[in-house]
Each structure stands twice: as structure tokens, then as C-alpha cells.
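Heads up: the sequence shown begins at 71 in our numbering, then just goes up one per residue.
Some notes on the structure that comes next.
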Amino acid sequence: MKELKTIQKETGIESLEQVHHALILFYINKTISTKTMAQMIKLPVPLVTALKKELVSSGYLIRESFYVLSLKGIEYVESQLNLKSLDTNQYQYILDTDSNRNTYTNMIMETIEPWYQNRPTPKMELDQAHATRETVIQRVIKLMEDPLIFSKTIVFLGDDDLVSILLFKAINNLGVIPNITVLDIDTDILNHVESFSNKKIMTQMIDFRDESIFINIKADIILMDPPYTIAGVETFTSTANKILNDHGKVYLSMSHKTKSEQFQIQTLINQNGWMYTEILENFNSYLGGSIIGNKSNLYVIQTFPLEDSETSMYTADSRKSKNSIQLGYQGMYELRDCDYDTLTSVDVVRRLLYEVTTEFNLHAVTDEFHQFNPYGVSGAIILQESHLAIHTWPEHHYAAVDLFVCHPGLNEYKVLEFLKESFKANRATVRKTKRTS
Numbered sequence: 071m072k073e074l075k076t077i078q079k080e081t082g083i084e085s086l087e088q089v090h091h092a093l094i095l096f097y098i099n100k101t102i103s104t105k106t107m108a109q110m111i112k113l114p115v116p117l118v119t120a121l122k123k124e125l126v127s128s129g130y131l132i133r134e135s136f137y138v139l140s141l142k143g144i145e146y147v148e149s150q151l152n153l154k155s156l157d158t159n160q161y162q163y164i165l166d167t168d169s170n171r172n173t174y175t176n177m178i179m180e181t182i183e184p185w186y187q188n189r190p191t192p193k194m195e196l197d198q199a200h201a202t203r204e205t206v207i208q209r210v211i212k213l214m215e216d217p218l219i220f221s222k223t224i225v226f227l228g229d230d231d232l233v234s235i236l237l238f239k240a241i242n243n244l245g246v247i248p249n250i251t252v253l254d255i256d257t258d259i260l261n262h263v264e265s266f267s268n269k270k271i272m273t274q275m276i277d278f279r280d281e282s283i284f285i286n287i288k289a290d291i292i293l294m295d296p297p298y299t300i301a302g303v304e305t306f307t308s309t310a311n312k313i314l315n316d317h318g319k320v321y322l323s324m325s326h327k328t329k330s331e332q333f334q335i336q337t338l339i340n341q342n343g344w345m346y347t348e349i350l351e352n353f354n355s356y357l358g359g360s361i362i363g364n365k366s367n368l369y370v371i372q373t374f375p376l377e378d379s380e381t382s383m384y385t386a387d388s389r390k391s392k393n394s395i396q397l398g399y400q401g402m403y404e405l406r407d408c409d410y411d412t413l414t415s416v417d418v419v420r421r422l423l424y425e426v427t428t429e430f431n432l433h434a435v436t437d438e439f440h441q442f443n444p445y446g447v448s449g450a451i452i453l454q455e456s457h458l459a460i461h462t463w464p465e466h467h468y469a470a471v472d473l474f475v476c477h478p479g480l481n482e483y484k485v486l487e488f489l490k491e492s493f494k495a496n497r498a499t500v501r502k503t504k505r506t507s
């Protein structure tokens, strides 16, 4: 019997999540038409038809007078997608209409109203401004519309609006314990969230400006409402990129920007391998935040694998394309405010790169390093796993390191921390890219 990942690839469906979405729709609705499912999971009708046939042949569906989940399909949805304890009747009611979603979420909000009335005072030095009650409700409704939410790891990068506690209560009231983490520099916020959830919402105090910190979590969904500045957006998106899973989703609340600023942010989004899937103008309202006119937009962002882009002009041609093959992983490290003397010495640079190979169990084959006049070093170590290369700009206290390996086991953030310490850099960033045929 085929596994779901195999079915996804053979049918040409973009992500496994769309297959999961289809199974959940069968679970909640018992049965559902092909056309309706195609609209809900955003796939062409012929592709959904092919998916249903594959799910039948693999034992996840049974075709009687209509398609329904088999016992195998039910067991998978309940155990792997965390729906066993879900009140499906109540959730179906929520999904039915906008009015039902508003009624349900407002009812939940009323039960926890004191926690919002007593939330910590906004800290102006952190650009905090409380979202209105209605905005908090609408954010939760937006999340609850996705039936995959129950199996997701959800991370808030800052949460002075306390969306996390309403989301926790709204999901928990349906019988499911959600996996929610709040990361924030403000300990007052973290203590408030912990008290509400009796520590069922995980929290961690963290300053996102410290790029060397390793965050031991991977997120499927990230929510963030960063400071108003471009630097603030860049810092938050950099943190999000470190912890976001493949095919993850980001909900970014951000004020209106000038065209120049918007272009900078769009560049950041593209560099992360993200794309906008939805822009909701003036979605957020604030009790403070007069500097942004008390309003901001909500950007729904999806990760996408760059290697999946097709170059065929016509649909028929794209079907003939062979499946891509994973070839390796490339980490591009930028080290800033480095020690000048370190960057000018070819012997030191060579030694430090060999320390990287030792620390991370990489196997050197040969190397070549060159000292430029008057300063600057370029070098490369050929590895059994591929290569490790560097170029330094001592006059700018900057170094760029490129590490390509053919296996996924290397943790790029531990490498980043090691390089930062070795080259005495005050700031360091990494971008990881998958290379495929």
C-alpha cells in the first residue's frame, strides 16, 4: 500500500498538507463532493479525482455509493492529525458560516474577558500597542478556518495582544489541546500567558536581536506583529525563517509602508523563500499605535520550495517534466563586525575553517587559500560532503562563508553560532537553500 507522501508526489499535488486537508474534510463531513473539495483545498477537479482514486487503492477511502473514510483513514486522521478528541459537530457548526464563527469566538472571549482587561500595560519602548478586542477575535477566526490547525505547532513571536490565550481556549473548548508557544522579550506578557494557561502554553523569554541564540523549536504556523521599523520587520522575519517548517505559514501584521519600504520587505520575503497568499488591508485595529494610524494590514505568507518552480510554458509540457532529485543543502553565512586581525591572516582563516570541519564531522579532501594584497583572504576546502568556502573583507569587518553538504543532518544554526564565536563577530546571519535537479 502506498504511503500518503508517495500519493502526493505521484498525483502531482504540491504539498502533503493538501492531502491531509482532504482526509480531514472527509472526517468532518463524512462525505463531500469532488467539486466542493477542489474548491476547499484549492486543486483542479481532475487532480482531486485522481487523489480520491489513489486514496481508495491505498485503503484510506472506501467507495460505496459515495466516498467515505475507511477505518485506516479514520485512524490516521485521529492519531496523526490530532482529531480524535475533536467535537466534530461543534467544529462543523463553526465552519458553516461567518456568523457561526463570530458567535462561537465571541462566546469564548466572554469567558476569558478578565484576562484581557488586566493584560500588561503596553511598553512604548517595545512599540507595543494593544489590538482591539474585535481584532483579536478576527485573528483567531482566521486561524480556526484552517482544519489543519489542530495538528500544528503554533508559535507567537511576541504576543502583547494575547491572541494566544483566546486561540488556546477556542481550540481547547473543542476537545483538543493545542501546541502553542509564545516567544517574547517582555516577561510581564509571558507571566500573564503562563498564569492563564497554567503553563499549558509554552513560553520563552528571548531577544530576537540576538541572532546567535538557538531556538529549539520548529513551527508550522507563526504569528507576529513586529515593531514599526524596517529593522524590526527584518529581525522578526529572520527569526521566523530559522524556525519555520517546510510548507509553513506566517501571519504577519504590518502597517502601511512607503513604496521603498514595501520593496525592501518584499525582498526579505522572497529571500526567505516565502510568498504572499493573501493581503487583508486594515485588518488590524489598535487601541494605541497612533504612529501607524491605529491600523495595520494582515499578510498571510506561505513558504514554498524554490526547486518546485516549473519552466514549461504549457500545461501539457509541465506534465512531462521529471521529478526533481534532492542534491544537497547550501548554507550561506554572513559574519559582521568581525575581528580585523582574524580576517587579514590566511593562516588563521584556514585554521578556523578546519575547526569547522572537525566540530561538525566533515571530511576534508584538499584545500586552497590565498592572501590578497593589501588585505583579504579567499579560501576553499573541498569536502567529501562537497565544499566549505570563505572570502573576507577586513576593511569592512565582514566575512562570507558558503557551506554545501549533500545530507540534511547538519544544523545550520549551530554552525552559525560556531562561526560567530570563531571570527569574533557581533552579528551573524544564515540563509539555507535546498539544491535540487
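Cβ coordinates follow ideal geometry from the N, Cα and C atoms, glycine included.
Keep in mind it's a predicted model, so treat the numbers as computed, not measured.
Next item on the list: May I ask which residues mark the beginning and end of the beta strand (DSSP E) holding Y369?
Entry: 365-373
Next item on the list: Counting only the same chain and skipping the five closest in sequence on each side, list residues whose C-beta sits under 8 Å from that of L95.
Entry: Closer than 8 Å at the Cβ level, and outside the excluded window around L95, lie I102, M107, M110, I111, P217.
Notebook entry, point to check: For F306, is the classification buried or exposed, using 16 other Cβ atoms within 10 angstroms of its Cβ as the cut-off for buried?
Noted result: buried
Next item on the list: Leaving out five residues on either side along the sequence, give the residues of the same chain with a beta carbon under 6 Å from the beta carbon of D378.
Entry: In this predicted model, D378 has a pLDDT of only 41, less than 50, meaning its place in the structure is not dependable; the value taken from the coordinates is given anyway. Here the set comprises nothing.
Next item on the list: Compute the beta-carbon to beta-carbon distance between L156 and L244, rounded to the nearest angstrom, for a pair I have assumed lies under 8 Å.
Entry: 6 Å
Next item on the list: Find the nearest neighbour of T205 within the set R406, S323, T81, judged by alpha-carbon distance.
Entry: S323
Checklist line | DSSP three-state assignment for L113, whether helix, strand or coil | finding: coil
Note to self: For N354, list the residues DSSP reports as bridge partners.
What the structure shows: S366
Next item on the list: Measure the C-alpha to C-alpha separation of Y130 and L93 and round it to an integer number of angstroms.
Entry: 8 Å
Checklist line | Rounded C-alpha distance that separates I178 from Y186 | finding: Approximately 12 Å, taken between the alpha carbons.
Next item on the list: Would you list, in sequence order, the uninterrupted beta strand (DSSP E) runs of no fewer than 3 residues that lie entirely inside the region 420-472?
Entry: The region 420-472 is shown to contain whole beta strand (DSSP E) runs of 3 or more residues at 434-441, 447-453, 457-463, in chain order.
Next item on the list: Grab the span of the beta strand (DSSP E) containing V246 for me, first residue to last.
Entry: V246 -> no beta strand (DSSP E), and no H or E assigned at all.
Item checked: Cβ-Cβ distance between A289 and T373 below 7 Å -> no
Margin query: Report the CB separation of T462 from V485 in whole angstroms; it is logged as a contact under 8 Å.
Written below: Under the criterion of beta carbons closer than 8 Å, T462 and V485 do not qualify as touching, at roughly 17 Å.
Note to self: My output table needs one value for T167: the three-state DSSP class, helix, strand or coil.
What the structure shows: coil
Check: Who pairs with F474 in a beta bridge, going by DSSP?
Finding: Q400, H457
Notebook entry, point to check: What residue does the alpha helix (DSSP H) around K502 start on, and which one ends it?
Noted result: Per DSSP, K502 belongs to no alpha helix (DSSP H); it is in the beta strand (DSSP E), 497-506.
Item checked: Y97 (DSSP reduced to helix, strand or coil) -> helix
Next item on the list: Out of T428, N286, I451, point me to the one whose CA is closest to T436's CA.
Entry: Answer by Cα proximity: I451.
Check: By how many angstroms is the C-alpha of H200 removed from the C-alpha of Q150?
Finding: 36 Å
Check: Pairing CB atoms from the region 395-408 with CB atoms from the region 470-486, are three or more of them under 8 Å?
Finding: Yes: the two stretches touch, three or more of their Cβ pairs being nearer than 8 Å.
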